[in-house]
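In my numbering, the protein residues as written are 2 to 723.
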């Protein structure tokens, strides 16, 4: 085999490999990033590992030790381009913060399969011969524990083109088969688009690799995909490559970059915060064999740090960026990071940015008590909420909390991205409600939206952070800044619901606390909250007393009576809260809460099922969705015979007609006007007035009759005297 054959063979493979090398990152932004919390992970193959740029981590160890060292086996360079990157708030470059802020697992020779499977490394050096396995690259995210990667860089795919086979077939002399390079590249493109023998195409493998990284890293990771440089000087080399060869190879690299960018755009549509960085311009005029080359030439024979010794075979260093090339790469990627940092990616991902009208922070409880069905139903309900709320004038961010809180999705309008983030939720840990509220509050403070909303879901009282009155006071601080808070309580796992119900009701804005009994109902009440946020006006009624409630409209009925129980209709819902005021055990003393869609008159019948006193409040919304009209009726006596009729409608006044003994006649009437306390309307004086008027009229009639009779008698007497 001639030197030229070997060189061209190797170059073919290298080109094929580099063409498939994309870099990615998935997003979710930690709102307040500290030095300790800012994490970058670098994955991929030789272009990310820094192949060919000494020193490699571990290379100064003895041969016996370094063949056991995964860093050396992977040829991870201390001068790689990912290690040259910086993040605001982190002192020094990534390489100066390795295993604290930067986690480096890129491996020379890796394929897409090695993201999720181990990679075998054979070595034969200084009398040491054998093989070792490099860990699955995506396992690095498990090792991070509670830490989350903010950025992920990756180049992968070139080795999926089966370089060994490429080298073998390219060994034929181009002088005898000048079309061999073209044929080989054509076969590579065939595999790229269609696969081989029914196998998965390289393009599909790359797309799946990005998805796998997103799943492993979490929705908070930002994906940056770097392209690849044209490899050769346009003039070729003196002996190995002519101008035609150089043009064919360089054009293939550009085509690879176009395809990688196309995959990136597809990932953006799917909701990834992913972007493409071109390095072609930075490497123009600096290809291998140029006067100021940024890439290594082909080296025949092994270098001192190659894993296998050889006198003829090309070194693994060949056709990889040198130190100048690594710096050029770093400059290009750093420019993109700096651009993202300026506006948190709003320019790069406009659909992944907040709204000027409404930003909604969805704050979800992922504590250990949510494990199983509650967590699954929360995911389903959250997806429905997202689907209902997302409009052109709304965006949603997602926060989770257990012992601590995490923003798993920044404010955006990309439904697929948000639902992907939701589906990756896991439960575990305690309940720090303050942390969740604080994270959402921080996000909304930097929002420019006209209306800011928090939707807080919890299945119990907090056991970490602020609790009780302190937590309520913190919520008041948030609400005083014009932020609306909706709360959704799900207390199926609680024996005593009174305290957590009261807590969430006090945290919520007026009329914005919702309650569910079963996990299956979460989806409906998330839907109700979404409808209310979207402008559906509701009449909110709260009835605290031992009574049963029935509302009938358009053939449907809401009813609290056990044998006729129905809590959801097209026109509204009925929910319950425990009442701190106890009664006899045979009565239903739960607080009944009605939410009825505004726009019609609802006849409500209230029947006593025990003895006590009823508090009845009814609220009406203004055009902004805030309950600004509150009418209250307090301490109305209730017995088992009491029947009360009222109409819920947005009118000037609300009337309660009370039949005290169930005889079908109203004994008392209460009336409340806008933002007023209901007062007893006393009709007794009207009876006296009616009687007085009647008596007076009767007297007038009697007098009139007497006068008429007297007049007639007088007239008759005069006639007789004539």
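Ideal placement from N, C-alpha and C gives every residue a C-beta, glycine not left out.
Residue burial classification, residue i (beta-carbon count within 10 angstroms, cutoff 16)
i: residue 701; result: exposed
i: residue 432; result: buried
i: residue 320; result: buried
i: residue 143; result: exposed
i: residue 159; result: buried
i: residue 141; result: buried
i: residue 121; result: exposed
i: residue 357; result: exposed
i: residue 156; result: buried
i: residue 76; result: buried
i: residue 710; result: exposed
i: residue 562; result: exposed
i: residue 712; result: exposed
i: residue 374; result: exposed
i: residue 716; result: exposed
i: residue 704; result: exposed
i: residue 708; result: exposed
i: residue 598; result: buried
i: residue 204; result: buried
i: residue 403; result: buried
i: residue 718; result: exposed
i: residue 346; result: buried
Contact check, residue i vs residue j, beta carbons under 8 angstroms
i: residue 515; j: residue 386; result: no
i: residue 153; j: residue 222; result: yes
i: residue 338; j: residue 86; result: yes
i: residue 670; j: residue 692; result: no
i: residue 186; j: residue 255; result: no
i: residue 379; j: residue 444; result: no
i: residue 331; j: residue 82; result: yes
i: residue 213; j: residue 139; result: yes
i: residue 132; j: residue 123; result: yes
i: residue 316; j: residue 304; result: yes
i: residue 323; j: residue 54; result: yes
i: residue 40; j: residue 151; result: yes
i: residue 676; j: residue 616; result: no
i: residue 430; j: residue 369; result: yes
Alpha-carbon spacing of residue i relative to residue j, whole angstroms
i: residue 546; j: residue 367; result: 34 angstroms
i: residue 302; j: residue 318; result: 10 angstroms
i: residue 602; j: residue 623; result: 18 angstroms
i: residue 137; j: residue 276; result: 24 angstroms
i: residue 31; j: residue 335; result: Low confidence applies here, because residue 31 scores a pLDDT of 37, under 50, leaving its location unreliable; read the following figure in that light. Going from the Cα of residue 31 to the Cα of residue 335 covers about 19 angstroms.
i: residue 653; j: residue 488; result: 30 angstroms
i: residue 605; j: residue 663; result: 16 angstroms
i: residue 558; j: residue 552; result: 6 angstroms
i: residue 422; j: residue 96; result: 30 angstroms
i: residue 648; j: residue 388; result: 34 angstroms
i: residue 522; j: residue 492; result: 12 angstroms
i: residue 500; j: residue 595; result: 21 angstroms
i: residue 69; j: residue 130; result: 12 angstroms
i: residue 537; j: residue 626; result: 8 angstroms
i: residue 210; j: residue 202; result: 12 angstroms
Cβ shell of residue i (< 8 angstroms), same chain only, five flanking positions each side left out
i: residue 390; result: 361, 397, 531, 534, 535
i: residue 235; result: 244, 247, 248, 251, 288
Same chain only: Cβ atoms within 6 angstroms of residue i, ignoring 5 sequence neighbours per side
i: residue 107; result: 43, 44, 45, 49, 50
i: residue 442; result: 479
i: residue 56; result: 79
i: residue 350; result: 274
i: residue 565; result: none
i: residue 399; result: 363, 409, 410, 422
i: residue 208; result: 264
Beta carbon proximity, residue i to chain D, threshold 8 angstroms
i: residue 417; result: Looking for chain D here will not work: only one protein chain is present.
7 angstroms Cβ shell around residue i - same chain, five flanking residues per side excluded
i: residue 476; result: 438, 486, 508
i: residue 216; result: 425
i: residue 505; result: 459, 488, 490, 514
i: residue 417; result: 271, 272
i: residue 667; result: 658, 659, 660
Inset, instruction - Evaluate contact between the region 603 to 614 and the region 632 to 646, counting only Cβ atoms and requiring at least three cross-stretch pairs below 8 angstroms. - result: yes
Legend entry - Three CB pairs or more closer than 8 angstroms across the region 273 to 287 and the region 225 to 243: yes
Inset, instruction - Say whether the region 620 to 634 touches the region 572 to 579, bearing in mind that this needs 3 or more beta-carbon pairs closer than 8 angstroms, one atom from each stretch. - result: no
Inset, instruction - Would you check if there are 3 or more beta carbon pairs closer than 8 angstroms linking the region 54 to 72 to the region 90 to 97? - result: no
Legend entry - Cβ contact (3+ pairs, closer than 8 angstroms) linking the region 459 to 475 and the region 409 to 429: no
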